[in-house]
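Undergrad: Residue numbers (the numbering used here): 9 to 622. The beta carbon of each residue, even a glycine, is placed where N, CA and C say it ideally should be.
#1: Quick one, which of 558, 419, 524 and 446 has its alpha-carbon nearest residue 596's?
#2: State yes or no: is the C-beta of residue 126 within less than 8 Å of the C-beta of residue 161?
#3: Please name the residue in 111, 234 and 450 whose C-alpha comes closest to that of residue 168.
#4: With residue 582 and residue 507 assumed to form a contact (beta carbons below 8 Å), what rounded beta-carbon distance in angstroms separates them?
#5: Secondary structure at residue 521, three-state DSSP: helix, strand or coil?
#6: Helix, strand or coil, according to DSSP, for residue 195 in the structure here?
#7: If we call anything under 8 Å between Cβ atoms a contact, is residue 312 one with residue 325?
#8: Helix or strand or just coil, what does DSSP make of residue 632?
#9: Using only CA atoms, which one of 381, 232, 443 and 357 lies nearest to residue 485?
#10: Thinking C-alpha only, which one of 152, 414 and 456 is nearest residue 129?
#11: Checking 8 Å against the spacing of the C-beta atoms, do residue 334 and residue 350 come in under that value?
#12: Is it buried or exposed for residue 473, if we count other Cβ within 10 angstroms and need 16 for buried?
#13: So within the segment 438–462, which uninterrupted alpha helix (DSSP H) runs reach at least 4 residues, ignoring any that extend past its ends?
#14: DSSP three-state label for residue 405, please.
#15: For the structure I just gave you, are there three or more beta carbon pairs, one from the segment 210–227 and one from the segment 100–118, closer than 8 Å?
#16: Please report the straight-line C-alpha distance between residue 395 and residue 353, rounded to a whole angstrom.
#17: Which of the three DSSP states, helix, strand or coil, is assigned to residue 350?
#18: Of the choices 458, 412 and 243, whose alpha-carbon is the least far from that of residue 636?
#19: Determine the direct distance from the alpha carbon of residue 100 to that of residue 374, and round the result to whole angstroms.
#20: Find out if the Cβ-Cβ distance for the pair residue 524, residue 571 is shorter than 8 Å.
#21: Which one or two residues does DSSP pair with residue 334 in a beta bridge?
#22: For residue 306, I'd like the list of residues in its chain whose CB is within less than 6 Å of its CB, leaving aside the five on either flank, ordered along the chain.
#23: Counting only the same chain and skipping the five closest in sequence on each side, list residues whose C-beta sits under 7 Å from that of residue 281.
#24: What residue does the alpha helix (DSSP H) around residue 391 start on, and which one ends it?
#25: Would you mind sorting residue 300 into buried or exposed? The rule is 16 or more other CB atoms within 10 Å of its CB.
#26: When the distance is taken between beta carbons, is residue 478 closer than 8 Å to residue 342?
#27: DSSP three-state label for residue 296, please.
#28: State yes or no: is the C-beta of residue 268 nearer than 7 Å to some heavy atom of the ligand COA?
#29: Rounded to a whole number of angstroms, what is the C-alpha to C-alpha distance between residue 147 and residue 131?
#30: Give the DSSP-derived three-state secondary structure of residue 183 in the structure shown.
#31: Quick check on residue 384: buried or exposed, where buried means 16 or more other Cβ atoms within 10 Å of its Cβ?
#32: At which residues does the beta strand (DSSP E) containing residue 130 begin and terminate?
#33: If you drop the 5 nearest sequence neighbours on each side, which residues of the same chain put their C-beta closer than 6 Å to that of residue 256?
#34: Go ahead and pull the three-state DSSP assignment for residue 218.
#35: Could you give the distance in angstroms between the alpha-carbon of residue 204 and the alpha-carbon of residue 297?
#36: What is the DSSP secondary structure of residue 83, counted as helix, strand or coil?
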């Protein structure tokens, strides 16, 4: 049975090493490759082949988006000719070159472009690039012609063969009234095509990140007009991503019977467009902490697409939808309503929108992963304690106590069983000596002893097995939720989602030099390793030298592995180990088992002289 415990211990260690390599080592390598590719793309951005922004020219019956990709049409995939290209300019210059309606709320600032009617200038006022309070606030959307264009557009299109003058990306709308778009306010604009159709658009913004758009067409002609409402989000260039397997960044949506669709940037560039018919749902583009999402009327049927155009060299990604036709009879007005989310992926805000607008599975805009049933409740538990204490680090400490209480009966039973094993250790040694040359009989005698004393020899594995899913749930929450971004603890831990920034190899910053990343072993990883070491040394050393060596080195290995993980996760593990040591100590004392911590540590330094009789 000792061999089984040894195999299980080795297997768990190997599992952790493999998971670390998959989730940390490999993504780090890919991140370096992505950075290099991004640098090369930026260096070539000034060339005509792949560094240009495209300003479209309107074409009937299939108008251009101005991105080189088609608007949604009756026949998906019907592509107009590519428009002429213009060189990239500074973002501020591009914004200043067109008439605009200002956006200013507590969460957002930016503007709506009256040329084309796009929402293409948006910055998130509550978030900065770094912990430095003087660093730039996050830029989410940028116009065509600026570096990294990323924008929302909505409008109308017609069936092939129809001759209707429609607004395009070159159309200059006229603002109705004055003033900018403020919290829970609205702005309006209109455009007359000179042929009896007047297009109007009213945009409303709530207190956070949801825009509501109402589009109307007034038909003063003597003929009925059939129009198709569309909306799209376009992004020029492949953004730099975290390249972590456990996090999706790219095109995303919940559509029809397929449910959640996570489409990597490479999927649409290599495999071509994806088209889905859906009634209700949403689609968009997601980053780690920010996203844009198209939300059609949830009772409407539409065609949704994920596409990419690589004809200009720099890929242009697009998510769009085309609604069923609207027939605007002579002398009447046609209407289409929709929403677009553009902002930070705050959990409670996203959940609120899902409920308010009846958006199916809108919370999946945040990548909760396969263990959704663990990760999301874990977040709400942490958020609850954060609201009580004002500190997510303290929330981690408190929720660890709650988890320990939930699993207390199982862990208590495990520790009691382990304590009984220590009490019968003399009997176990006698059995080994009696059947030293007959492993089968030795194993049989051991099993009879376990049965007689009501001992589960695998009980020591349960605390570790229980901890693994909790560990990954906390890791996921720390990694994907924006609430954890730049969340401080105390002292030097100013971002629980980042690694401990200190290192023992420069005396935690006392010595005036930096250390390589793999030697960044901070205070909390050290505390985690020490508590893990103490927990193991509460037990007597294994009789097998190889097994003992593995257990001795395991805390060191885990210290180096977890040093690169988010500080919040390491704090959880260290605190959990400390509570486990206390629990095990109390149980051992109550069971009458001698606590052999100091003698076990001493045995590592002072080797017992071999018995000549052995």
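TA: Per the coordinate set shown:
#1: 419
#2: yes
#3: 234
#4: Not really, about 14 Å apart at Cβ, beyond 8 Å.
#5: The answer is coil: DSSP assigns residue 521 none of H, G, I, E or B.
#6: In the three-state reduction of the DSSP assignment, residue 195 falls in the strand class.
#7: no
#8: What is shown of the chain runs 9 to 622, which leaves residue 632 out entirely.
#9: 381
#10: 152
#11: no
#12: exposed
#13: 447–461
#14: helix
#15: Yes: the two stretches touch, three or more of their Cβ pairs being nearer than 8 Å.
#16: 18 Å
#17: strand
#18: Since the displayed the chain opens at 9 and closes at 622, residue 636 lies outside it and no answer follows.
#19: 31 Å
#20: no
#21: 235
#22: 288 and 366
#23: 85, 313, 314 and 315
#24: 380–397
#25: buried
#26: no
#27: In the three-state reduction of the DSSP assignment, residue 296 falls in the coil class.
#28: The model on display carries no ligand, and the ligand COA is accordingly not part of it.
#29: 4 Å
#30: Assigned with DSSP and collapsed to three states, residue 183 falls in strand.
#31: buried
#32: Under the DSSP assignment, residue 130 falls in the beta strand (DSSP E) whose first and last residues are 126–136.
#33: Same-chain partners within the cutoff: 270 and 375.
#34: If DSSP states are grouped into helix, strand and coil, residue 218 belongs with the strands.
#35: 45 Å
#36: Summary for residue 83: the model assigns pLDDT 34, below 50, so the residue's position carries little reliability, and this model does not support an answer.
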